[in-house]
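Each residue of the sequence shown is one higher than the one before, starting from 2 at the first, in the working numbering.
Glycine included, each C-beta is placed from N, C-alpha and C at the ideal position.
The structure under discussion appears below in the form of structure tokens.
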Amino acid sequence: MIDLAENYRKVNDRIRSAEVDAGREPGSVQLIAVGKVHPASSIRGLAACGQRAFAENFVQEAIGKQQELEDLQIDWHFIGSIQSNKTRQIASNFSWVHSVDRFKIAARFNEQRPANFPPLNVCLQLNLQEEETKSGLNANSAIELLDQIHDFERIRVRGFMIVPKPVSDPSEQRVIFAEVKNLLEKANSLGHTLDTLSMGMTDDLEQAVAEGATHVRIGTALFGPRPLKKPM
2 MIDLAENYRK
12 VNDRIRSAEV
22 DAGREPGSVQ
32 LIAVGKVHPA
42 SSIRGLAACG
52 QRAFAENFVQ
62 EAIGKQQELE
72 DLQIDWHFIG
82 SIQSNKTRQI
92 ASNFSWVHSV
102 DRFKIAARFN
112 EQRPANFPPL
122 NVCLQLNLQE
132 EETKSGLNAN
142 SAIELLDQIH
152 DFERIRVRGF
162 MIVPKPVSDP
172 SEQRVIFAEV
182 KNLLEKANSL
192 GHTLDTLSMG
202 MTDDLEQAVA
212 EGATHVRIGT
222 ALFGPRPLKK
232 PM
């Protein structure tokens with residue numbers, strides 16, 4: 002039996018300890034709970050502990066959960082791959098998207114974000130190690146895309162997201178996390194106003210916080226192992 006309250010306490014303790022070790026301001030790192038393939042009941046349970054930011058990878062699964070949990074005040078983040086035919090649903094049902102990796106998707110969000118909603122918060126997904134099996138931008142392409150969408154009014158580009166290549170020693174991830182931080186600083190030196198580094202998961206959140214993460218995306222440490230099948 003998963004003890005959500007205990008897991009929530011442990012993860013928050015890890016984040017607070019990582020902030021102290023990095024000399025960061027207490028509370029400067031936001032926890033995003035990744036509910037991918039976990040049932041709405043688990044999200045409700047974690048929300049009862051005080052968690053408000055939740056992330057999903059699949060649009061239809063997410064919307065089903067949102068409908069079931071509409072009585073809760075939840076801040077929904079989308080972190081999955083984005084298909085063009087899903088952008089309108091994402092634009093209408095999420096406050097954050099962490100996985101924008103091309104102009105076409107950004108433009109569709111800008112066009113489709115409802116006028117009565119605040120601008121959609123967006124992170125560009127990076128693939129600095131240029132893994133063939135992952136989406137994302139290299140450093141030069143990221144700066145180029147930032148310039149192209151700088152004046153969009155219905156999306157607000159906040160920063161970068163990355164899922165680094167798995168390594169046996171999580172401490173090795175600091176190198177790639179540092180590259181992401183340096184890229185954000187470079188972008189801001191060129192006139193952008195980015196403030197978000199979405200990086201760090203269950204195995205490497207300490208390394209991410211040490212290199213400036215503002216949002217960590219945690220699934221397994223909160224909800225336990227993923228079920229074999231997606232919830233209906």
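So what does DSSP say about residue 158, is it helix, strand or coil?
Sequence index remark: in the sequence shown, residue 158 carries index 157 (1-based). Looking at residue 158 - three-state DSSP - the assignment turns out to be strand.
Check residue 139 in the structure and name its three-state DSSP category.
Locating residue 139 in the sequence shown gives position 138, counting from the first residue. DSSP places residue 139 in coil when its eight states are reduced to three.
Mapping the DSSP letters down to three states, classify residue 177 as helix, strand or coil.
For the purposes of this step, residue 177 is identified with residue 176 of the sequence shown, where counting begins at 1. If DSSP states are grouped into helix, strand and coil, residue 177 belongs with the helices.
How many Å lie between residue 72 and residue 190 at the Cα?
Position 71 of the sequence shown holds residue 72. Position 189 of the sequence shown holds residue 190. Near 42 angstroms, if we compare the C-alpha coordinates of residue 190 and residue 72.
By the DSSP assignment, the alpha helix (DSSP H) with residue 21 in it spans what residues?
Looking up residue 21 in the sequence shown gives position 20. Taken as a continuous stretch (DSSP letters only), the alpha helix (DSSP H) holding residue 21 covers 5-22.
Out of 75, 76, 32 and 111, point me to the one whose CA is closest to residue 92's CA.
Reading the sequence shown from its first residue, position 91 is the one you call residue 92. With distances taken between Cα atoms, residue 92 lies closest to 111.
Determine which residues share a DSSP beta bridge with residue 102 and list them.
As a first step, residue 102 is located in the sequence shown; it is residue number 101 there, counting from the start. Looking at the DSSP assignment, residue 102 forms no beta bridge with any residue, so it has no partner.
Could you tell me how far apart the beta carbons of residue 138 and residue 128 are, in whole angstroms, since I believe they sit closer than 8 angstroms?
Mapped onto the sequence shown, residue 138 falls at position 137. Mapped onto the sequence shown, residue 128 falls at position 127. That belief holds up - the Cβ atoms of residue 138 and residue 128 are roughly 6 angstroms apart, short of 8 angstroms.
Go through its chain and collect everything with a Cβ distance to residue 100's Cβ below 8 angstroms, but skip five positions before and after it.
On the sequence shown, position 99 is the one that residue 100 refers to. Excluding positions up to five away in sequence, the list reads 79, 80, 81, 82, 83, 124, 126, 136 and 162.
Taking the beta strand (DSSP E) that residue 34 belongs to, which residues open and close that run?
For the purposes of this step, residue 34 is identified with residue 33 of the sequence shown, where counting begins at 1. Note, residue 34: beta strand (DSSP E), 31-35.
Cα separation between residue 34 and residue 200?
Here residue 34 refers to the residue found at position 33 when the sequence shown is read from its first residue. Here residue 200 refers to the residue found at position 199 when the sequence shown is read from its first residue. If you take the alpha carbons of residue 34 and residue 200, they lie about 13 angstroms apart.
Write down the C-beta distance between residue 27 and residue 17 rounded to the nearest angstrom, noting that I regard them as a contact closer than 8 angstroms.
Indexing the sequence shown from 1 puts residue 27 at position 26. Indexing the sequence shown from 1 puts residue 17 at position 16. At roughly 7 angstroms, the Cβ-Cβ gap stays under 8 angstroms, so residue 27 and residue 17 are in contact.
Going by DSSP in three states, residue 122 sits in which element: helix, strand or coil?
For the purposes of this step, residue 122 is identified with residue 121 of the sequence shown, where counting begins at 1. Reduced to three states, the DSSP call for residue 122 is strand.
In terms of residues, what are the limits of the alpha helix (DSSP H) holding residue 60?
Working through the sequence shown from its first residue, we reach residue 60 at position 59. Looking at the DSSP string, the run of the alpha helix (DSSP H) that includes residue 60 is 60-69.
Mapping the DSSP letters down to three states, classify residue 127 as helix, strand or coil.
As a first step, residue 127 is located in the sequence shown; it is residue number 126 there, counting from the start. If DSSP states are grouped into helix, strand and coil, residue 127 belongs with the strands.
How many whole angstroms separate the CB atoms of residue 5 and residue 43, which I take to be in contact at a CB cut-off of 8 angstroms?
For the purposes of this step, residue 5 is taken as residue 4 along the sequence shown, with counting starting at 1. For the purposes of this step, residue 43 is taken as residue 42 along the sequence shown, with counting starting at 1. With a Cβ gap of about 7 angstroms, residue 5 and residue 43 count as contacting.
Thinking just about the alpha-carbon of each residue, which of 151, 205 and 156 is nearest to the one in residue 169?
The residue labelled residue 169 in the question sits at position 168 within the sequence shown. Here the closest residue by C-alpha is 205.
For residue 39, I'd like the list of residues in its chain whose CB is within less than 6 angstroms of its CB, leaving aside the five on either flank, ordered along the chain.
To locate residue 39, count along the sequence shown from 1; it is residue 38. Around residue 39: 224.
Quick check: the segment 175-185 against the segment 211-218, are there 3 or more CB pairs under 8 angstroms?
The segment 175-185 is in contact with the segment 211-218.
In three-state DSSP terms, what is residue 148?
By one-based count along the sequence shown, residue 148 stands at place 147. Of the three classes helix, strand and coil, the one that applies to residue 148 here is helix, per DSSP.
Would you list the one or two residues that DSSP bridges to residue 219?
What you label residue 219 is simply residue 218 of the sequence shown in a count that begins at 1. Looking at the DSSP assignment, residue 219 forms a beta bridge with 34.
So for residue 56, helix, strand or coil by DSSP?
As a position in the sequence shown, residue 56 is number 55, starting the count at 1. Strand.
Do residue 19 and residue 207 have their CB atoms nearer than 8 angstroms?
Translated into the one-based positions of the sequence shown, residue 19 becomes position 18. Translated into the one-based positions of the sequence shown, residue 207 becomes position 206. Yes, they are a contact pair.
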